[in-house]
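Novice:
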Amino acid sequence: MHRFSEDTVARARKVRMLLLDVDGVLTDGTIFLDNNGVEGKGFNIMDGLALTLLQKAGVPAGIITGRDSNVVTTRARELGLEILVQGCTAKLPAAREIAEQRGLTLEQVAYVGDDLIDIALLKHAGLAVSVPNGAPEAHARAHHVTGPPGGRGAVREVCELILKAQGKWDDIVARYQ
Ligand SMILES: [Mg+2]
Numbered sequence: 007m008h009r010f011s012e013d014t015v016a017r018a019r020k021v022r023m024l025l026l027d028v029d030g031v032l033t034d035g036t037i038f039l040d041n042n043g044v045e046g047k048g049f050n051i052m053d054g055l056a057l058t059l060l061q062k063a064g065v066p067a068g069i070i071t072g073r074d075s076n077v078v079t080t081r082a083r084e085l086g087l088e089i090l091v092q093g094c095t096a097k098l099p100a101a102r103e104i105a106e107q108r109g110l111t112l113e114q115v116a117y118v119g120d121d122l123i124d125i126a127l128l129k130h131a132g133l134a135v136s137v138p139n140g141a142p143e144a145h146a147r148a149h150h151v152t153g154p155p156g157g158r159g160a161v162r163e164v165c166e167l168i169l170k171a172q173g174k175w176d177d178i179v180a181r182y183q
């Protein structure tokens, strides 16, 4: 795990829940609109598998997004995500409530965000992650900025970081052999 600082790995070890922004994190930030105004987004298949594996390993994952679209509901269902909050502009109180419902503190939560709407939550998350395509203000509050950009494996990297830091990754890989 040479790409990660010791501080980042130590924080990842304590993570008990992963929360994600959608646009610019689970996607590259592009929003497709058809003539009827129906929204489309592109998701990354390797992010998807990693999220499934993370949850199977006992770390619940979910979405907090400022926008509201059916395609996100569909993707969240496909991935079996336990948490889905859409149309949320105050992400910090929302995340705190989600954590408290599970008996967790924000110290035990990892959050990945890319823009101004994310910075309050990034500031309070135990592990704050941003993406290379993110705003400088998000980078300034992140403990780690991923190698791959949003929608291109950023979430995969974060899931692997958590699983490796917690010593769960090798067992998962072994199951595929
Ligand atoms: Mg975003």
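In this note's numbering, each residue's number is its place in the sequence shown (first place is 1) plus 6. All C-beta atoms in this analysis are idealised placements derived from N, C-alpha and C, irrespective of residue type, glycine included. Note that this is a predicted model, so its numbers are computed, not measured.
1. With 16 other CB atoms within 10 Å as the buried threshold, where does A146 fall?
2. Given that a residue counts as buried once 16 or more other Cβ atoms are within 10 Å of its Cβ, and exposed if not, what is E166?
3. I'd like to check one pair, G132 with R17: are the Cβ atoms closer than 8 Å?
4. Give the secondary structure of L39 by DSSP, where H, G and I count as helix, E and B as strand, and everything else as coil.
5. Under the three-state reduction of DSSP, which class applies to A67: helix, strand or coil?
6. On the CB-based measure, 16 or more other CB atoms within 10 Å of its CB, does A179 come out buried or exposed?
7. In angstroms, rounded to a whole number, what distance separates the CA positions of L112 and A126?
8. Locate the alpha helix (DSSP H) running through V135, then write down its first and last residues.
Specialist: Based on what the coordinates show:
1. Working through the sequence shown from its first residue, we reach residue 146 at position 140. With fewer than 16 Cβ atoms within 10 Å of its Cβ, A146 is classed as exposed.
2. Here the question's residue 166 lines up with position 160 in the sequence shown. Buried, by the Cβ-count rule.
3. Taking the sequence shown and counting its residues from 1, one reaches residue 17 at position 11. Taking the sequence shown and counting its residues from 1, one reaches residue 132 at position 126. Judged by beta-carbon spacing, G132 lies within the 8 Å limit of R17, meaning their Cβ atoms are closer than that value.
4. The residue given as residue 39 occupies position 33 in the sequence shown. L39: strand per DSSP, three-state reduction.
5. For the purposes of this step, residue 67 is taken as residue 61 along the sequence shown, with counting starting at 1. Strand at A67.
6. Locating residue 179 in the sequence shown gives position 173, where the first residue counts as 1. It should be pointed out that residue 179 corresponds to Val in this sequence rather than to Ala. The residue in question, V179, is exposed, as its Cβ has fewer than 16 Cβ neighbours within 10 Å.
7. In the sequence shown, counting from the first residue as 1, residue 112 sits at position 106. In the sequence shown, counting from the first residue as 1, residue 126 sits at position 120. Distance between the alpha carbons of L112 and A126: 12 Å.
8. Within the sequence shown, the letter at position 129 stands for residue 135. That residue, V135, is in no alpha helix (DSSP H); its beta strand (DSSP E) goes 133-136.
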